[in-house]
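Each remark here refers to the structure printed beneath this line.
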Amino acid sequence: GTIGGAIVNNAGAHGGDMSQLIADVVVLEPGGVELYTSADLKFDYRTSMLKSRKDRRFLVLLATFIMQPDAPDAIQERMNEYNVYRKRTQPQGASLGSIFKNPPGDTAGRLIEAAGLKGYHIGAAEVSPVHANFFINHNGSQGCAQDYYDLVQHVRETVYQQTGVELEPEIEFVGAW
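Residue numbers for the sequence shown follow the working numbering, so the first one is 19 and each next one is one higher.
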C-alpha cells in the first residue's frame, strides 16, 4: 500500500486507524494544491471525504503525522508483537489484504468462514484457508481480476443468503465490470 491510499481509505489495524495519526494532508487537485486538516477529511470506518469524492482526480502529496514518543525498545517490541500476530492469523505471501469491511458487531472473516467458504475458489482466486477475509492466488497461480471480482460477488451473495448481512467491500474495482 501507499501512504496516500492509507489516508484515503482510513486504513487501520489493532484498534487504530489513520484518523488518529493525521494532522493534515497536502493534496494536488486539478485547480492547484489544497491543504486539508484531519477534520476536513471527515474520517469514518475505512473511508474519508477523499474516498467519497466522485471525481477522484487528486493526489496526496504530503501528510503530517501526529506521533506519540516512546522508548525505541518499546516501539520495537510492539512491532514484533504485531508481526507475530499477523504471521499467525493472516496468509503469508501475496494477497489482496482485507476484502470486506467488518459489519457492526461482527467480523467479515467470521461470517465468511461460517458460510463454509474458507478455501473456496473461482479460477485462480481463493478465499484464504488461514483467514477468510483475505483472498489469495489458488495454489500459487496467477489470479486475474475477473476471478477476484467473481469471488467477491459470490462471497457477498452467499453470506447475505445465509445471514442477511450484506458485506461491503473494502477494496475497489476500477473500470467496467
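Cβ atoms here follow ideal geometry from the backbone N, Cα and C, with glycine treated the same way.
It should be emphasised that the depicted structure is a prediction, and the values quoted were computed from it without experimental measurement.
For residue j and residue i, the rounded distance between their alpha carbons
i	j	result
D62	A112	27 Å
I25	N98	24 Å
I140	D168	7 Å
L80	V192	24 Å
Q38	G123	21 Å
V44	F76	10 Å
I84	D42	9 Å
G34	E131	25 Å
Y178	D91	45 Å
L129	G49	44 Å
I40	P121	25 Å
As assigned by DSSP and simplified to three states, the class of residue i
i	result
S66	coil
Beta bridge counterpart(s) of residue i as assigned by DSSP
i	result
L80	V44
P187	F118
Whole-Å CB distance - residue i paired with residue j, under 8 Å assumed
i	j	result
L135	V145	5 Å
F153	A143	6 Å
E188	I117	6 Å
Short CB-CB distance (under 9 Å) between residue i and chain D
i	result
D91	No chain D appears in this structure, which consists of one protein chain only.
Let me know the beta strand (DSSP E) ranges lying completely inside the segment 124–177, each 3 residues or longer, listed in chain order. Runs found: 143–145 and 152–155.
Could you give the uninterrupted runs of the alpha helix (DSSP H) lying entirely in the segment 19–61, keeping only those of 4 residues or more? DSSP runs (the alpha helix (DSSP H)) wholly in the segment 19–61: 21–26 and 56–59.
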